[in-house]
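The opening position of the sequence shown corresponds to residue 0 in numbering that gives the first Met the number 0, with each subsequent residue numbered one higher.
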Amino acid sequence: MGATGRRPAVHCLTNPVTMQDTANILLAAGGSAIMAQEPAEAAEITAICQATLLNTGVPDREKFEACILAGKKAMKLGHPIILDPVGAGASTFRREGLARLLSQLQVSIIRCNQEEARALLGLQNITSGGVESSVVLPATEQETLARNLAQAYRCVTLVSGNTDAISDGEHVVLLTEGDSRISRLTGGGCMLSALCALLCAEGLPAFDAAQTAGRLWRESAAEAGRRTDREQGGMGTFHQYLFDAAERIFRKRGTSL
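What follows is the structure in structure tokens.
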């Protein structure tokens, strides 16, 4: 909870594949989500939240329009904007939509996988590959990728992979440990992006928010994995325990969560 006793609210323009888990992880971590994707109300909803999450999965023209309208309102109000460019290189439509979005908005954090980061940088022409990352870079190359992406868009980046790399364009922090099953859970990255937005909504600077969200999400995955192994459970068990662990770990921080 915030200092006023209210849950920090995140305007989540997210995708229907992961909408429920995104809302529930924010609630578990101590925040709340408002999900409005109609362009006519996008700016108005943004105004009553403390951060804006632009997740461009399952995009259409109206979705991109709503993202830009919400983002412009957030910029006017000085609210943080977190971009999750799902499947950035999967189609010309997505690349063009993201190029237009990024030309009009100054985002605070880009949270993406390695393939999406390379697509945003234009390092390769990815025409198929979907939303899951098929690029697996050594930690040193991922560190460079995160730094270059941060410099290109003048923001903080969190590039997810076997190792997470967080950069502000100058400094880079690498996160390890966690549990590899998080990559087999649909929406694992979407939920991490939402948690970055929540910590920004609570007032953390973008670099601190990305580091903290990434570290605690990995701790949550590690705890969920240990409990799942003890019970010889599968992915359904891991999913349940991930939420349990995230609720405990994020709320234990002792700040506004």
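We treat Cβ as the ideally placed atom computed from N, Cα and C, and that holds for glycine.
Could you check if G30 is buried or exposed, using at least 16 other CB atoms within 10 Å of its CB as the buried criterion? buried
Where T21 sits in the DSSP three-state scheme: helix
Using only alpha-carbon positions, find the residue among G160, T139 and E142 that is nearest to E114. G160
Alpha carbon to alpha carbon, how far is R226 from P38? Give it in angstroms, no decimals. 43 Å
Assign A234 to buried or exposed, taking buried as 16 or more other Cβ atoms, counted over all protein chains shown, within 10 Å of its Cβ. It should be pointed out that residue 234 corresponds to Met in this sequence rather than to Ala. Flag for M234 reads exposed.
Exposure label - Q210; buried when at least 16 CB within 10 Å: buried
Using only the alpha-carbon positions, how far apart do A245 and G213 sit? 12 Å
Close beta carbons around E61, own chain, < 7 Å, minus the five adjacent residues each side: P38
Could you give the first and the last residue of the continuous beta strand (DSSP E) run that contains D178? Unbroken run through D178: none, as it is neither H nor E.
Range covered by the alpha helix (DSSP H) that runs through T211: A205 to R229
Cβ-based neighbour list, C48, same chain, cut-off 8 Å, excluding 5 preceding and 5 following: A8, V9, H10, I33, H78 and A200
Using only the alpha-carbon positions, how far apart do R229 and E140 sit? 35 Å
Alpha carbons only, please: which of A89, R247, L12 and V57 is nearest the one belonging to S219? R247
Straight-line Cα distance separating Q105 from G86: 20 Å
In terms of DSSP beta bridges, what is C11 paired with? L52
Quick one: residues in its chain with C-beta nearer than 7 Å to the C-beta of L25, no 5 flanking neighbours on either side, listed in chain order? V9, S31, A32, A193 and L197
On a CA-only basis, which of D83, A73, I44 and S179 is nearest V257? Give me that one, please. With the chain covering only 0 through 256, there is no way to say anything about residue 257.
Taking the CB atoms as reference points, tell me whether L41 and A35 lie closer together than 8 Å. One detail in the question is off: residue 41 reads as Ala in this sequence, not Leu. Cβ distance < 8 Å, so A41 and A35 count as in contact.
When DSSP labels each residue in this structure, what does R153 get in the three-state scheme? coil
Between the C-alpha atoms of L119 and Y240, what's the straight-line distance to the nearest angstrom? 33 Å
Closest by C-alpha distance to A46, when choosing among E64, K251, L144 and G70: G70
I'd like the span of the beta strand (DSSP E) that includes R99, first residue to last. No beta strand (DSSP E) holds R99; the alpha helix (DSSP H) holding it covers T91 to Q103.
H170 classed as buried or exposed, judged by whether at least 16 other C-beta atoms fall within 10 angstroms: exposed
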